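Below is one structure, written out as structure tokens, with a few remarks after it.
Protein chains: 2
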Amino acid sequence: MNLSPKIENFVLHCGEMGSRWGFNRTIGQMVGLLVINEHPLTANQIAEALKISRGNVSMGIKELQSWQLVKVHHIPGDRKEYYAPNGTIWDLANKVFEERRKREIDPTLTLLRDQILDTANSPEEKYAQEQMQSIHDLLETVTKWSAELQRLTPEQLQSLMKLGSSVSKVIDLKDKLLKKS
Amino acid sequence: MNLSPKIENFVLHCGEMGSRWGFNRTIGQMVGLLVINEHPLTANQIAEALKISRGNVSMGIKELQSWQLVKVHHIPGDRKEYYAPNGTIWDLANKVFEERRKREIDPTLTLLRDQILDTANSPEEKYAQEQMQSIHDLLETVTKWSAELQRLTPEQLQSLMKLGSSVSKVIDLKDKLLKKS
DNA sequence: TTTAACTTTCAATAATTACTGAACGTTTAG
DNA sequence: CTAAACGTTCAGTAATTATTGAAAGTTAAA
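Residue numbers (numbering that gives the first Met the number 0), protein chains in the order written: chain A, 0 to 180; chain B, 0 to 180.
Quick look at the structure:
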């Protein structure tokens, strides 16, 4: 398992980015490695390619499974497990978004709702509640939107993109249509 | 500077979330604190409220300024600096997105483009390039979309949301319109 | 110019997070 | 049943990241 410089480059970059997307460097590299390899890899191949311990691979795979980002393959007559990305790039990105929504946005919305319903007993708390309401509304909007986007295939998205660069135009379209009907 | 339990709760939560949005726990708390306070705060007030050192506040503010998330106020006859959020909630969210795009997505796009243009000298590299192309396309789409969304006011967004829950419908609308004309 | 009131910096250290590798668990072939 | 081939766990340790606090920098009033 020797990576070509080009591929190694990509894998290292995934490592750097991985930490920003919710997992750590090593796990980012693992995703990168699995994604640029056409065929599933064994835990030992991963350990060797990334120069990390076997135990670390096991922990990383476990974490990736909790994100639903990898699936396991088996080859008849072979006891090893072979790991591969669980879906297309688009699927993986969706899963990361979805998981982060669950872990970050949902708990925040819950907290905000609780606080907003509670009665404010000072002007400071009143202001605080107003701000929390803004955050709440923003998060809810973003959540709904991302749910919408996730339903689209990449092709539909591309098509939407080509509409003419401006979402405002979509709004205008909507308005026109609604007036006609 | 004594926080009411309700407000403290929110601030602590911002701390937890802060780390996920690109900064660390303390800096997350600082943002939370500034956002739920109607009036600008001095560095000492922040240090006292969050029970951290004065030096840490200074570093945190510096970091937040690099994200363009805080602005400085001055009161005539007072040499202290007063810090406040740099815009509405929506503005702040936009700035975070924008900054993360610059720090994460743009460098990734550059790397991917380089790799894709380079000639593949093995079937593995060929496949790798195809995958990189997918990632590239996805990131570009997401980038363009977020740029579009950022142009909208929260009100426009809300309006778009109310369109009827499904973006696919917008695409259908578009198709119908284009066929008619 | 001195002093007081502030801010910034950064080396030392604390806190957190990630990794290793040995021990243990499980499955299957012989 | 035993050994080999694999996967998992976790205590100990390494690496990284965050924080403190003392020293140095800045500004303005006296």
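Cβ coordinates follow ideal geometry from the N, Cα and C atoms, glycine included.
Small disclaimer: the values here were computed from a predicted structure and weren't measured.
When DSSP assignments are scanned along the region 86-132 of chain B, the uninterrupted stretches of alpha helix (DSSP H) that are 4 or more residues long and fall wholly within it turn out to be 88-99 and 105-116. Of the other Cβ atoms in all chains shown, 16 or more fall within 10 Å of the Cβ of histidine 135(B); this residue is therefore buried. For leucine 32(B) against alanine 46(B), the beta-carbon gap comes to about 11 Å, at or over 8 Å, which does not count as contact. Closer than 8 Å to the CB of tyrosine 126(B) there is at least one CB belonging to chain A.
In the assembly as shown, lysine 101(A) is an exposed residue. Its beta-carbon has fewer than 16 other beta-carbons within 10 Å.
Each residue's CA atom was taken as its position, placing serine 121(B) and tryptophan 89(A) some 25 Å apart. For methionine 16(B), the chain A residues whose C-beta falls within less than 8 Å of its own C-beta are Glu103 and Thr107, listed in chain order. Here the region 130-148 of chain A makes no contact with the region 99-115 of chain B; the two share fewer than three CB pairs at distances below 8 Å.
Taking a 10 Å sphere around the C-beta of glutamine 157(A), we find fewer than 16 other C-beta atoms and assign the residue as exposed. Of Gln67(A), Asn23(A) and Tyr82(A), the smallest CA-CA separation from alanine 92(A) is found for Gln67(A). In the structure shown, leucine 68(B) adopts coil according to DSSP, grouped into three states.
In the three-state reduction of the DSSP assignment, proline 84(A) falls in the strand class. Under the 8 Å criterion on CB atoms, tryptophan 89(B) is classed as interfacial with respect to chain A.
Under the DSSP definition of a beta bridge, threonine 41(B) partners with Tyr81(B). Near chain B, meaning a CB-to-CB distance below 8 Å, the residues of the region 25-47 of chain A are Val34, Ile35, Asn36 and Glu37. Chain-order list of chain A residues neighbouring histidine 12(B): Thr107 and Leu110, by C-beta distance under 7 Å.
Close to glutamine 130(A), with beta-carbon spacing below 8 Å, are these residues of chain B in chain order: Val34, Ile35 and Ile88.
Taking the C-beta atoms as reference points, glutamate 7(A) is found no nearer than 8 Å to threonine 41(A). At a cut-off of 8 Å, the C-beta of isoleucine 6(B) has a neighbouring C-beta in chain A. Within 7 Å of the CB of arginine 100(B), no CB atom of chain A is found; the nearest one sits about 11 Å away. Assignment of histidine 135(B) by DSSP, reduced to helix, strand and coil, places it in the helix class. Residue contact check for serine 145(B) against chain A: no CB pair falls below 8 Å. It is roughly 48 Å from the alpha-carbon of valine 69(B) to the alpha-carbon of histidine 38(A). Residue Leu111(A) holds the alpha-carbon nearest to the alpha-carbon of valine 10(B) among Leu111(A), Glu139(A) and Trp144(A). Isoleucine 115(A) is outside the set of residues whose beta carbon lies under 8 Å from a beta carbon in chain B.
In the structure shown, proline 75(B) adopts coil according to DSSP, grouped into three states. At the C-beta level, glutamine 132(B) and isoleucine 115(B) come within 8 Å of one another. Proximity of chain B to alanine 92(A) at the Cβ level (cut-off 7 Å) is accounted for by Leu137, in chain order. When DSSP states are grouped into helix, strand and coil, serine 145(A) belongs to the helix group. Residue-level contact check: phenylalanine 22(A) does not touch chain B, since none of the beta carbons of chain B fall below 8 Å from its beta carbon. Where leucine 33(B) is concerned, the enclosing alpha helix (DSSP H) starts and stops at 24-35.
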